[in-house]
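Undergrad: Here our numbering is used: the first residue of the sequence shown is 3, the next is one more, and so on.
Don't be surprised by glycine CBs; every beta carbon is placed ideally from N, CA and C.
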Amino acid sequence: MALPEASTIWLDGALVPWHEARTHVLTHGLHYGTGVLEGTRVFETADGPAVFRLPEHLRRLERSAHMLRMHLPYSTDDLTKATAELVRANGHRACYLRHFAFLGYGSMGIDMRHSPVTVSIAGWEWQGQLPGEEAGITLKTSSWRRNDPNAVPPAAKATGPYLNSVLARREANDAGYDEALLLGPDGSVSECTGENVFAVRDGVLRTPPSSAGALEGITQDTVLTLARDLGVEVRVENLLRSDLYAADELFVCGTAAGVVAVRSLDDRALPAAPGPVTDRLREAYRAAVSGADPRYRRWLTPVG
3 MALPEASTIW LDGALVPWHE ARTHVLTHGL HYGTGVLEGT RVFETADGPA VFRLPEHLRR
63 LERSAHMLRM HLPYSTDDLT KATAELVRAN GHRACYLRHF AFLGYGSMGI DMRHSPVTVS
123 IAGWEWQGQL PGEEAGITLK TSSWRRNDPN AVPPAAKATG PYLNSVLARR EANDAGYDEA
183 LLLGPDGSVS ECTGENVFAV RDGVLRTPPS SAGALEGITQ DTVLTLARDL GVEVRVENLL
243 RSDLYAADEL FVCGTAAGVV AVRSLDDRAL PAAPGPVTDR LREAYRAAVS GADPRYRRWL
303 TPVG
(Lines of atoms letter the chains of each structure in order from A; the text may use other names.)
(Lines give C-alpha, C1' and ligand atoms only; values in the text may rest on other atoms or scores of the structure.)
Protein backbone atom coordinates (compact mmCIF):
# COMPACT_ATOMS: atom_id res chain seq x y z
CA MET A 3 0.00 0.00 0.00
CA ALA A 4 1.42 3.36 -1.04
CA LEU A 5 2.38 5.78 1.70
CA PRO A 6 -0.02 8.78 1.88
CA GLU A 7 2.32 11.67 1.17
CA ALA A 8 2.21 14.99 2.97
CA SER A 9 3.55 18.28 1.69
CA THR A 10 6.56 18.75 3.97
CA ILE A 11 9.03 16.97 6.25
CA TRP A 12 11.07 18.58 9.03
CA LEU A 13 14.75 17.87 8.39
CA ASP A 14 17.63 19.21 10.46
CA GLY A 15 15.88 22.38 11.53
CA ALA A 16 13.85 23.29 8.44
CA LEU A 17 10.70 22.27 6.63
CA VAL A 18 11.47 20.85 3.19
CA PRO A 19 9.19 19.53 0.44
CA TRP A 20 8.36 15.84 0.90
CA HIS A 21 10.40 14.62 -2.10
CA GLU A 22 13.41 16.75 -1.22
CA ALA A 23 13.98 15.07 2.16
CA ARG A 24 16.89 12.97 0.89
CA THR A 25 20.06 11.40 2.20
CA HIS A 26 23.23 9.97 0.68
CA VAL A 27 23.48 6.28 -0.29
CA LEU A 28 26.57 6.00 1.92
CA THR A 29 24.67 7.11 5.00
CA HIS A 30 26.03 5.22 8.00
CA GLY A 31 22.58 4.42 9.38
CA LEU A 32 21.51 2.86 6.09
CA HIS A 33 24.40 0.39 6.14
CA TYR A 34 24.70 -0.37 9.85
CA GLY A 35 21.31 0.35 11.42
CA THR A 36 22.65 3.21 13.54
CA GLY A 37 19.47 5.11 14.15
CA VAL A 38 16.73 5.63 16.73
CA LEU A 39 13.09 6.33 16.13
CA GLU A 40 9.72 7.06 17.65
CA GLY A 41 6.24 6.50 16.33
CA THR A 42 3.80 9.07 17.70
CA ARG A 43 0.17 9.87 16.92
CA VAL A 44 -1.75 13.07 16.45
CA PHE A 45 -5.45 12.73 17.29
CA GLU A 46 -8.32 15.05 16.51
CA THR A 47 -9.87 16.48 19.68
CA ALA A 48 -12.61 19.00 20.38
CA ASP A 49 -9.85 21.58 20.90
CA GLY A 50 -8.00 20.75 17.68
CA PRO A 51 -5.22 18.29 16.84
CA ALA A 52 -3.05 17.09 19.72
CA VAL A 53 -0.05 14.77 19.99
CA PHE A 54 -0.50 11.88 22.39
CA ARG A 55 2.19 11.56 25.05
CA LEU A 56 4.72 13.55 23.05
CA PRO A 57 7.05 14.32 26.02
CA GLU A 58 7.35 10.62 26.85
CA HIS A 59 8.14 9.75 23.24
CA LEU A 60 10.77 12.44 22.93
CA ARG A 61 12.39 11.46 26.23
CA ARG A 62 12.58 7.87 25.01
CA LEU A 63 14.14 9.06 21.74
CA GLU A 64 16.75 10.89 23.78
CA ARG A 65 17.38 7.83 25.98
CA SER A 66 17.66 5.57 22.94
CA ALA A 67 20.22 7.89 21.37
CA HIS A 68 22.15 7.98 24.64
CA MET A 69 22.31 4.17 24.72
CA LEU A 70 23.74 4.16 21.18
CA ARG A 71 26.14 6.96 22.16
CA MET A 72 24.58 9.31 19.64
CA HIS A 73 24.33 12.98 20.61
CA LEU A 74 21.09 14.58 19.44
CA PRO A 75 21.76 18.12 18.18
CA TYR A 76 18.24 19.22 19.20
CA SER A 77 16.66 19.36 22.65
CA THR A 78 13.28 17.88 23.46
CA ASP A 79 11.91 21.44 23.54
CA ASP A 80 13.29 22.02 20.03
CA LEU A 81 11.66 18.82 18.79
CA THR A 82 8.36 19.64 20.50
CA LYS A 83 8.19 22.96 18.65
CA ALA A 84 9.28 21.31 15.39
CA THR A 85 6.56 18.67 15.75
CA ALA A 86 3.84 21.28 16.12
CA GLU A 87 5.30 23.29 13.24
CA LEU A 88 5.22 20.25 10.96
CA VAL A 89 1.65 19.25 11.82
CA ARG A 90 0.42 22.79 11.22
CA ALA A 91 2.33 23.09 7.95
CA ASN A 92 0.82 19.86 6.63
CA GLY A 93 -2.67 20.77 7.80
CA HIS A 94 -3.18 17.42 9.52
CA ARG A 95 -5.93 17.07 12.09
CA ALA A 96 -4.93 13.46 12.74
CA CYS A 97 -1.82 11.65 11.58
CA TYR A 98 1.06 9.33 12.42
CA LEU A 99 4.42 10.92 13.21
CA ARG A 100 7.88 9.42 12.80
CA HIS A 101 10.69 11.06 14.77
CA PHE A 102 13.99 9.74 13.46
CA ALA A 103 17.64 10.36 14.32
CA PHE A 104 20.40 8.52 12.49
CA LEU A 105 24.08 8.67 11.66
CA GLY A 106 24.39 10.32 8.28
CA TYR A 107 27.01 10.61 5.55
CA GLY A 108 30.57 11.26 6.67
CA SER A 109 32.42 8.00 7.17
CA MET A 110 32.01 4.30 6.42
CA GLY A 111 32.86 1.23 8.42
CA ILE A 112 31.75 -0.03 11.82
CA ASP A 113 33.41 2.90 13.63
CA MET A 114 30.53 5.30 14.23
CA ARG A 115 32.46 8.19 15.74
CA HIS A 116 32.92 10.28 12.60
CA SER A 117 29.39 10.39 11.15
CA PRO A 118 27.11 13.35 11.87
CA VAL A 119 23.65 12.91 13.39
CA THR A 120 20.70 13.77 11.15
CA VAL A 121 17.24 14.34 12.66
CA SER A 122 13.92 14.31 10.85
CA ILE A 123 10.20 14.37 11.61
CA ALA A 124 7.65 13.13 9.10
CA GLY A 125 3.89 12.92 9.36
CA TRP A 126 1.25 11.22 7.25
CA GLU A 127 -2.37 10.12 7.45
CA TRP A 128 -2.11 6.46 8.41
CA GLN A 129 -4.92 4.38 9.84
CA GLY A 130 -2.64 1.78 11.39
CA GLN A 131 -0.61 -1.23 10.41
CA LEU A 132 -2.78 -4.21 11.35
CA PRO A 133 -5.64 -5.47 9.16
CA GLY A 134 -8.99 -6.54 10.57
CA GLU A 135 -8.59 -4.56 13.76
CA GLU A 136 -12.29 -4.41 14.64
CA ALA A 137 -12.87 -8.16 14.25
CA GLY A 138 -9.61 -9.09 15.97
CA ILE A 139 -6.34 -10.29 14.46
CA THR A 140 -4.69 -13.68 14.07
CA LEU A 141 -1.28 -14.36 15.60
CA LYS A 142 1.38 -16.94 14.78
CA THR A 143 4.28 -17.74 17.07
CA SER A 144 7.36 -16.97 15.02
CA SER A 145 10.27 -19.35 14.50
CA TRP A 146 12.47 -16.27 15.01
CA ARG A 147 13.32 -15.42 18.63
CA ARG A 148 13.32 -11.88 19.98
CA ASN A 149 16.75 -10.27 20.27
CA ASP A 150 18.57 -11.18 23.46
CA PRO A 151 18.45 -8.20 25.88
CA ASN A 152 22.21 -8.59 26.35
CA ALA A 153 22.81 -8.43 22.59
CA VAL A 154 20.92 -5.19 21.95
CA PRO A 155 19.11 -3.20 24.65
CA PRO A 156 15.32 -3.52 24.30
CA ALA A 157 14.91 -0.16 26.03
CA ALA A 158 16.51 1.50 22.98
CA LYS A 159 14.05 1.88 20.11
CA ALA A 160 16.76 1.50 17.49
CA THR A 161 16.52 0.81 13.77
CA GLY A 162 18.96 -2.10 13.41
CA PRO A 163 17.13 -4.52 15.74
CA TYR A 164 13.92 -4.06 13.73
CA LEU A 165 15.22 -6.58 11.19
CA ASN A 166 14.14 -9.16 13.77
CA SER A 167 10.56 -7.84 13.56
CA VAL A 168 10.61 -7.61 9.77
CA LEU A 169 11.59 -11.27 9.39
CA ALA A 170 8.97 -12.42 11.90
CA ARG A 171 6.18 -10.35 10.33
CA ARG A 172 7.01 -11.60 6.83
CA GLU A 173 6.95 -15.21 8.03
CA ALA A 174 3.55 -14.73 9.68
CA ASN A 175 2.03 -12.88 6.73
CA ASP A 176 3.26 -15.46 4.23
CA ALA A 177 1.60 -18.15 6.35
CA GLY A 178 -1.72 -16.28 6.27
CA TYR A 179 -1.64 -14.62 9.71
CA ASP A 180 -1.94 -10.94 10.55
CA GLU A 181 0.92 -10.64 13.02
CA ALA A 182 3.73 -12.60 14.68
CA LEU A 183 4.31 -13.33 18.34
CA LEU A 184 7.97 -13.48 19.31
CA LEU A 185 9.39 -15.50 22.18
CA GLY A 186 12.47 -14.42 24.08
CA PRO A 187 15.77 -16.34 24.07
CA ASP A 188 14.56 -18.44 27.01
CA GLY A 189 11.25 -19.30 25.35
CA SER A 190 9.10 -16.94 27.39
CA VAL A 191 6.69 -14.56 25.66
CA SER A 192 8.29 -11.28 24.56
CA GLU A 193 6.09 -9.15 22.29
CA CYS A 194 4.78 -8.87 18.74
CA THR A 195 6.70 -7.26 15.90
CA GLY A 196 5.46 -3.76 16.68
CA GLU A 197 3.16 -4.15 19.67
CA ASN A 198 3.18 -5.26 23.28
CA VAL A 199 0.96 -8.22 24.13
CA PHE A 200 -1.52 -8.60 27.00
CA ALA A 201 -3.34 -11.66 28.34
CA VAL A 202 -6.46 -11.67 30.51
CA ARG A 203 -7.36 -14.65 32.66
CA ASP A 204 -9.92 -14.65 35.47
CA GLY A 205 -10.09 -10.87 35.22
CA VAL A 206 -6.33 -10.36 35.79
CA LEU A 207 -4.36 -8.46 33.12
CA ARG A 208 -0.80 -9.64 32.50
CA THR A 209 1.99 -8.45 30.19
CA PRO A 210 5.68 -9.42 29.83
CA PRO A 211 8.48 -7.26 31.30
CA SER A 212 11.30 -5.63 29.33
CA SER A 213 13.64 -8.36 30.58
CA ALA A 214 11.81 -10.70 28.19
CA GLY A 215 13.12 -8.56 25.31
CA ALA A 216 9.96 -6.44 25.05
CA LEU A 217 10.10 -2.71 24.46
CA GLU A 218 8.86 -0.63 27.39
CA GLY A 219 5.93 0.57 25.35
CA ILE A 220 4.35 3.95 25.97
CA THR A 221 1.01 2.55 24.83
CA GLN A 222 1.68 -0.42 27.12
CA ASP A 223 2.14 2.01 30.00
CA THR A 224 -1.03 3.83 28.94
CA VAL A 225 -3.03 0.58 29.03
CA LEU A 226 -1.63 -0.36 32.45
CA THR A 227 -2.62 3.06 33.81
CA LEU A 228 -6.11 2.84 32.32
CA ALA A 229 -6.56 -0.68 33.66
CA ARG A 230 -5.60 0.31 37.20
CA ASP A 231 -7.97 3.28 37.04
CA LEU A 232 -10.74 0.90 35.95
CA GLY A 233 -10.03 -1.34 38.93
CA VAL A 234 -8.49 -4.14 36.88
CA GLU A 235 -5.69 -6.09 38.58
CA VAL A 236 -2.48 -5.86 36.54
CA ARG A 237 0.74 -7.85 36.65
CA VAL A 238 3.97 -7.33 34.72
CA GLU A 239 5.53 -10.78 34.76
CA ASN A 240 7.02 -13.50 32.59
CA LEU A 241 4.52 -15.46 30.52
CA LEU A 242 4.76 -18.77 28.72
CA ARG A 243 3.11 -19.48 25.40
CA SER A 244 0.79 -21.86 27.25
CA ASP A 245 -0.34 -18.91 29.40
CA LEU A 246 -1.58 -17.25 26.25
CA TYR A 247 -3.28 -20.42 25.02
CA ALA A 248 -5.11 -20.60 28.36
CA ALA A 249 -6.13 -16.92 28.38
CA ASP A 250 -9.71 -15.73 28.30
CA GLU A 251 -8.68 -12.72 26.20
CA LEU A 252 -5.62 -11.54 24.32
CA PHE A 253 -4.91 -8.16 22.83
CA VAL A 254 -1.97 -6.19 21.50
CA CYS A 255 -1.26 -2.50 21.75
CA GLY A 256 1.07 0.00 20.13
CA THR A 257 1.17 3.55 18.85
CA ALA A 258 0.25 2.63 15.29
CA ALA A 259 -2.20 -0.13 16.22
CA GLY A 260 -3.95 1.27 19.28
CA VAL A 261 -5.64 -1.49 21.30
CA VAL A 262 -6.47 -4.49 19.09
CA ALA A 263 -8.08 -7.76 20.13
CA VAL A 264 -6.60 -11.12 19.14
CA ARG A 265 -9.07 -13.69 17.90
CA SER A 266 -6.64 -16.60 17.59
CA LEU A 267 -3.08 -17.61 18.40
CA ASP A 268 -1.53 -20.51 16.48
CA ASP A 269 -5.02 -21.48 15.26
CA ARG A 270 -6.38 -21.63 18.81
CA ALA A 271 -9.43 -19.40 19.00
CA LEU A 272 -9.90 -17.12 21.98
CA PRO A 273 -13.17 -17.45 23.91
CA ALA A 274 -13.99 -13.81 23.09
CA ALA A 275 -12.52 -11.23 20.74
CA PRO A 276 -12.81 -8.62 21.95
CA GLY A 277 -13.49 -9.82 25.47
CA PRO A 278 -15.04 -7.58 28.14
CA VAL A 279 -11.74 -6.36 29.61
CA THR A 280 -10.29 -5.68 26.15
CA ASP A 281 -13.43 -3.81 25.17
CA ARG A 282 -13.37 -1.62 28.28
CA LEU A 283 -9.70 -0.80 27.78
CA ARG A 284 -10.16 -0.08 24.09
CA GLU A 285 -12.96 2.37 24.84
CA ALA A 286 -10.96 3.97 27.66
CA TYR A 287 -7.98 4.35 25.31
CA ARG A 288 -10.11 6.00 22.65
CA ALA A 289 -11.54 8.41 25.20
CA ALA A 290 -8.04 9.27 26.43
CA VAL A 291 -6.48 9.94 23.02
CA SER A 292 -9.44 12.01 21.84
CA GLY A 293 -9.53 14.19 24.95
CA ALA A 294 -13.04 12.96 25.81
CA ASP A 295 -11.86 11.83 29.25
CA PRO A 296 -10.59 14.91 31.12
CA ARG A 297 -8.51 12.79 33.52
CA TYR A 298 -5.97 12.11 30.76
CA ARG A 299 -5.74 15.46 29.03
CA ARG A 300 -2.28 15.79 30.58
CA TRP A 301 -1.22 13.27 27.94
CA LEU A 302 -2.21 15.57 25.05
CA THR A 303 0.06 18.23 23.57
CA PRO A 304 -1.97 20.67 21.39
CA VAL A 305 -0.30 21.72 18.16
CA GLY A 306 -2.00 25.13 18.05
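Leaving aside the five residues before and after Leu74 along the sequence, list all residues of the same chain whose C-beta is less than 7 Å from its C-beta, in chain order.
TA: Answer for Leu74: Glu64, Ala67, Ala103, Val119 and Val121, listed in chain order.
Undergrad: Give me the Cβ distance between Val262 and Ile139, rounded to the nearest whole Å; I'm assuming they're in contact under 8 Å.
TA: Confirmed, about 6 Å.
Undergrad: Would you kindly work out how many angstroms separate the C-alpha atoms of Val236 and Arg24, rounded to a whole number?
TA: Spanning the two alpha carbons is a distance of roughly 45 Å.
Undergrad: Give me the Cβ distance between Leu252 and Ala201, rounded to the nearest whole Å; I'm assuming they're in contact under 8 Å.
TA: 6 Å between Cβ atoms; contact.
Undergrad: Applying the 10 Å Cβ sphere with the 16-neighbour rule, what's the burial state of Gly186?
TA: Flag for Gly186 reads buried.
Undergrad: Helix, strand or coil for His59, going by three-state DSSP, please let me know.
TA: Helix, per DSSP.
Undergrad: Could you tell me which residues DSSP puts in a beta bridge with Val191?
TA: Val191 pairs with Leu185.
Undergrad: Taking the alpha helix (DSSP H) that Gly31 falls in, what are its first and last residues?
TA: Segment His30 to Tyr34, the alpha helix (DSSP H) holding Gly31.
Undergrad: Note down, in chain order, each residue of its chain lying with its Cβ closer than 6 Å to the Cβ of Pro31, except the 5 sequence neighbours on either side.
TA: Sequence inspection shows Gly at residue 31; the Pro mentioned does not correspond to that position. Same-chain partners within the cutoff: Gly37, Phe104 and Leu105.
Undergrad: For Ile112, does the three-state DSSP call read helix, strand or coil?
TA: Reduced to three states, the DSSP call for Ile112 is coil.
Undergrad: Rounded to a whole number of angstroms, what is the C-alpha to C-alpha distance between Glu40 and Arg100?
TA: Those two C-alpha atoms are separated by around 6 Å.
Undergrad: With C-beta atoms as the reference, is Leu141 less than 8 Å away from Tyr179?
TA: Going by C-beta atoms, Leu141 is nearer than 8 Å to Tyr179.
Undergrad: What residue range does the beta strand (DSSP E) around Arg282 cover?
TA: Careful: Arg282 lies outside any beta strand (DSSP E), inside the alpha helix (DSSP H) at Pro278 to Ser292.
Undergrad: What are the partner residues of Asn240, as DSSP defines its beta bridges?
TA: Beta-bridge pairing links Asn240 to no other residue.
Undergrad: In terms of residues, what are the limits of the beta strand (DSSP E) holding Lys142?
TA: Residues Ile139 to Arg147.
Undergrad: Give me, in chain order, the residues of the same chain whose beta-carbon lies closer than 6 Å to that of Glu58; leave out the 5 immediate sequence neighbours on both sides.
TA: If we look at Glu58 and ignore the five residues flanking it on each side, its Cβ neighbours are Ile220.
Undergrad: Going by DSSP, what residue range makes up the beta strand (DSSP E) through Arg100?
TA: Cys97 to Leu105 is the span of the beta strand (DSSP E), which, as asked, contains Arg100.
Undergrad: Any idea if Gln129 is buried or exposed, counting beta-carbon neighbours within 10 angstroms, 16 or more meaning buried?
TA: Per the 10 Å Cβ criterion, exposed.
Undergrad: Can you check DSSP and say which residues form a bridge with Leu228?
TA: For Leu228, which the question treats as bridged, DSSP gives no partner whatsoever.
Undergrad: Under three-state DSSP, which class holds Glu78?
TA: The residue you asked about is not Glu; residue 78 is Thr in the sequence shown. In the structure shown, Thr78 sits in a helix (DSSP, three-state: H, G or I).
Undergrad: Can you give the beta carbon distance from Asn92 to Thr10, rounded, assuming they're within the 8 Å contact cut?
TA: Contact holds; Cβ gap of about 6 Å.
Undergrad: Could you tell me whether the stretch 245-259 touches the stretch 193-208, using the rule of 3 or more Cβ pairs below 8 Å?
TA: A contact exists between the stretch 245-259 and the stretch 193-208.
Undergrad: Looking at the structure shown, is Ser318 part of a helix, part of a strand, or coil, going by DSSP?
TA: The first residue shown for the chain is 3 and the last is 306, placing residue 318 beyond what the model contains.
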